[in-house]
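Each residue of the sequence shown is one higher than the one before, starting from 3 at the first, in the numbering used here. Ideal Cβ positions, reconstructed from N, Cα and C, are used throughout, including at glycine. This report refers to the structure that appears directly beneath it.
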Amino acid sequence: MTRAEDVSAAFVAEKRGMGAGWGAIARMTGAPERDLRRLHDSAWVDPSLRREADLTPRDQVRAGLVKAGFARQDAEILARLWHANGSRLPSKVLAAGIAGGGATYDVVRAAKIVAEQRGVRFANTAQGFALAPEGVTAIATLAD
Numbered sequence: 003m004t005r006a007e008d009v010s011a012a013f014v015a016e017k018r019g020m021g022a023g024w025g026a027i028a029r030m031t032g033a034p035e036r037d038l039r040r041l042h043d044s045a046w047v048d049p050s051l052r053r054e055a056d057l058t059p060r061d062q063v064r065a066g067l068v069k070a071g072f073a074r075q076d077a078e079i080l081a082r083l084w085h086a087n088g089s090r091l092p093s094k095v096l097a098a099g100i101a102g103g104g105a106t107y108d109v110v111r112a113a114k115i116v117a118e119q120r121g122v123r124f125a126n127t128a129q130g131f132a133l134a135p136e137g138v139t140a141i142a143t144l145a146d
């Protein structure tokens, strides 16, 4: 793995100018995205330094679910569902971006089973599943 300090600012500027995202640049160089952004992105704020008041509602729900005993990955999936506020989300949409982009439907289904065991209700559809109205309320209650 390349150290972010070894990646030249000119290379990063060239790739950003071509429209490449930070994740793509990280994959090209083998350096961690977090370190690349810390060194080369003046607008980046380390998420570990954010105060609770600065968190988005979805981040607050995710943090509350982790405190309530959910695994971090399950909390992320449930927070995405809660943020969709009961909308029907195809499973592939839920899995996208979770666990570094490597999540599968099995991971989403496992999170659903864990949540159902804790009293969260879901509504199934042909495209995937969604939180039932009672489930949206249950997630908010668990996250408090």
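Asked: For A134 and A125, believed in contact at Cβ under 8 Å, the rounded distance; Found: 5 Å
Asked: Counted within 10 angstroms of its Cβ, other Cβ atoms place G23 as buried (16 or more) or exposed; Found: exposed
Asked: A125: first and last residue of the uninterrupted beta strand (DSSP E) it sits in; Found: 124 to 126
Asked: Rounded C-alpha distance that separates R123 from G32; Found: 42 Å
Asked: Contiguous alpha helix (DSSP H) assignments of at least 4 residues, all confined to the stretch 7 to 36; Found: 11 to 19, 24 to 31
Asked: Three-state secondary structure assigned by DSSP to L57; Found: coil
Asked: Proximity to M30 [Cα-Cα], best of R40, V14, S44; Found: V14
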